[in-house]
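S.K.:
2 protein chains.
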Amino acid sequence: MNQAIGVFDSGVGGLTVVRELRQRFPMKHIHYLGDTARVPYGTKSARTVERYALTCQNFLLERQVKLVMVACNTASANALPALQASTSVPVIGAVHPGALAALAASRSRHIAVLGTLGTVRSGAYEEAIGQRDPSATVVARACPLFVPLAEEGWGDTDIALLAARRYLSELFENNDLIDTIVLGCTHYPLLRDVVSKVCAELSSKPVQIIDSAAAMVTQAAAHLEASAQTDGDARRGALQCFVTDESRMEELAPRFLGETLDSLETVDL
Amino acid sequence: MNQAIGVFDSGVGGLTVVRELRQRFPMKHIHYLGDTARVPYGTKSARTVERYALTCQNFLLERQVKLVMVACNTASANALPALQASTSVPVIGAVHPGALAALAASRSRHIAVLGTLGTVRSGAYEEAIGQRDPSATVVARACPLFVPLAEEGWGDTDIALLAARRYLSELFENNDLIDTIVLGCTHYPLLRDVVSKVCAELSSKPVQIIDSAAAMVTQAAAHLEASAQTDGDARRGALQCFVTDESRMEELAPRFLGETLDSLETVDL
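Protein chains in written order, with my numbering: chain A, 139 to 407; chain B, 139 to 407.
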């Protein structure tokens, strides 16, 4: 029996996590839910995000997934305790893996987190990093233009460069010891090169860029390798994709996933 | 008795309509609903937008409004017939008033509409303009970066200028007869100056900019003036504001409304 992994996000961004998963665990079946009827979560209150995230997780649990990955930093930041309390299946969020990876990379212990308004407002990265290293300094900055820039396919344009410069210059002006930046939203890997370029302009020291999608898959690996022997099926795993509204998922998916979707179904939640 | 006017939008943008209303009808009471738990409508399917819009309108009708203004182009474009069919109260959308104002302004009969993806996909402006003047040419362009630019307060920055140039240059390259541009989203008036500047760069002829918010209030005037004599109350009307999620309404409202909110209540819909 090859039970599937469940992954959900507010929309299309979580496919960057699925992309990492499929590279490292190509035989795993994956059920992906993009809550495109309620996207974005990033501007909404903690209470609303928690309600939506529980609905998404319940949908995946009804499909018997053996592991849930919350491929949305906003949902992870605001709803992980409630999600974990409501099931015995392991639930992996984006924030703790991103925080661990940032601490492993930073020498100065000055870390910046870029995310949605909801992630920044939650203080979740500050808390996750502070628990492990109380001496670390964490600053977080909301970058609301990054999501539409990623979705427009403008991640490498002058517009993205100007926006990144505006968001990041304030961070480095206030703290020139920052040596690690967490891309704390699953859309942001599509602006990785622009962020990296702006860091090189603004800082005289090398700055590490941490992608929380990759960090999540590293944390999931423990659960997946431990259960590998029970999986008898050696073909490439199926990716079943669900959305709560048709929207642009099919058009946008290849940009985030690196492949086209085989299967896409709209569900009412 | 001074029955209130009901206005709804997916979020904060519809306050540009309320601003116009309060300038022209300062004594009217207004109930404004921003569906901030489901914002934005612009990226969602027609079916989903219609469902959300009906929920918003029902909330206002329960509050006994005498007129409903759909201060959201996406909802107007996708749901106006359903909204009108479900009540005997007059329902005014954004698209028809914007279309009429554009036809009144255009000499060349070549009109461009800027809006959300949902408004563009609906073809509602093409239809509304074409019904009145089949010889008119209408091109529509989605500008997804304009909403976060307006909300960030970056409407007059270089970033807005570059984004507007990118969106508009394609329009004028394909059709240099365009002499009228409709701001077909209630957020876009905050980018009016930038759009105007880019039009001056790209076109050798003067280009008129039509704000659908102002056009809606002109259409509403007939209903409001006709009922004016039944209103005995001569004080400034109250503005009661409701949202489906706390989000950033209170912080963003002054930018769109031109005044701070007296009253803000979160409701579950």
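Note that the Cβ used here is the ideal one computed from N, Cα and C, for glycine as well.
As the structure is a prediction and not an experimental result, all values here were calculated from the model.
Quick one: using the 10 Å Cβ neighbour count with 16 as the cut-off for buried, is B:Val405 buried or exposed?
M.R.: Per the 10 Å Cβ criterion, exposed.
S.K.: Whose C-beta lies closer than 7 Å to the C-beta of A:Ser273 among residues of the same chain, with five residues either side of it excluded?
M.R.: Result list for A:Ser273: Arg247, in chain order.
S.K.: Would you check if the distance between the CB atom of A:Val208 and the CB atom of A:Leu221 is smaller than 8 Å?
M.R.: Contact: yes.
S.K.: Using a cut-off of 8 Å between C-beta atoms, extract the partners of A:Pro290 located in chain B.
M.R.: Looking at the sequence provided, one finds Glu at residue 290 of chain A rather than Pro. Pro282, Leu283, listed in chain order.
S.K.: Identify the continuous beta strand (DSSP E) that holds B:Phe380 and give its terminal residues.
M.R.: 377-381 is the span of the beta strand (DSSP E), which, as asked, contains B:Phe380.
S.K.: Here's the rule: buried if 16 or more other CB atoms are within 10 angstroms of the residue's CB, otherwise exposed. What is B:Asp383?
M.R.: That one is buried.
S.K.: Mind reading off the beta-carbon distance from A:Val258 to A:Ala278? Whole number of angstroms is fine, and I expect it under 8 Å.
M.R.: Confirmed, about 4 Å.
S.K.: Counting only Cβ pairs nearer than 8 Å, list the residues of chain B close to A:Lys182.
M.R.: Thr174, Ala175, Asp383, Ser385, listed in chain order.
S.K.: Within 8 Å of any Cβ in chain B, is that where the Cβ of A:Pro286 sits?
M.R.: Cβ-Cβ to chain B under 8 Å: yes for A:Pro286.
S.K.: At what residues does the beta strand (DSSP E) containing A:His167 begin and finish?
M.R.: Per DSSP, A:His167 belongs to no beta strand (DSSP E) and is neither H nor E.
S.K.: In the segment 266-312 of chain A, which residue ranges form an unbroken beta strand (DSSP E) of at least 3 residues, counting only runs that do not cross its ends?
M.R.: Entirely contained in the segment 266-312 of chain A, the beta strand (DSSP E) runs reaching 3 residues are, in chain order, 275-280.
S.K.: Measure the beta-carbon distance from A:Leu395 to A:Val177 and round it to whole angstroms, keeping in mind my assumption that it falls under 8 Å.
M.R.: That pair is no contact at about 16 Å.
S.K.: Find out if the Cβ-Cβ distance for the pair B:Arg374, B:Met165 is shorter than 8 Å.
M.R.: Going by C-beta atoms, B:Arg374 is nearer than 8 Å to B:Met165.
S.K.: Pick helix, strand or coil for A:His412, following the three-state DSSP scheme.
M.R.: Residue 412 of chain A lies beyond the residue range present for chain A, which begins at 139 and ends at 407; the question has no answer from this structure.
S.K.: Using a Cβ cut-off of 7 Å, pull out every chain B residue sitting near A:Ala301, in sequence order please.
M.R.: Here the neighbours are Ile297.
S.K.: Taking Cβ positions, are B:Leu377 and B:Val332 nearer each other than 8 Å?
M.R.: No, these two residues do not count as a Cβ contact at 8 Å.
S.K.: Would a check of beta-carbon distances place A:Leu402 closer than 8 Å to chain B?
M.R.: So no, A:Leu402 is outside the interface.
S.K.: Kindly indicate the opening and closing residues of the beta strand (DSSP E) around A:Gly253.
M.R.: Taken as a continuous stretch (DSSP letters only), the beta strand (DSSP E) holding A:Gly253 covers 248-253.
S.K.: Shorter than 8 Å from the beta carbon of B:Thr186 to some beta carbon of chain A?
M.R.: Cβ-Cβ to chain A under 8 Å: yes for B:Thr186.
S.K.: So is A:Arg304 in contact with chain B if we call contact Cβ pairs under 8 Å?
M.R.: A:Arg304 counts as touching chain B.
S.K.: Pick helix, strand or coil for A:Pro392, following the three-state DSSP scheme.
M.R.: Here A:Pro392 sits in helix by DSSP.
S.K.: When DSSP labels each residue in this structure, what does B:Asp147 get in the three-state scheme?
M.R.: If DSSP states are grouped into helix, strand and coil, B:Asp147 belongs with the strands.
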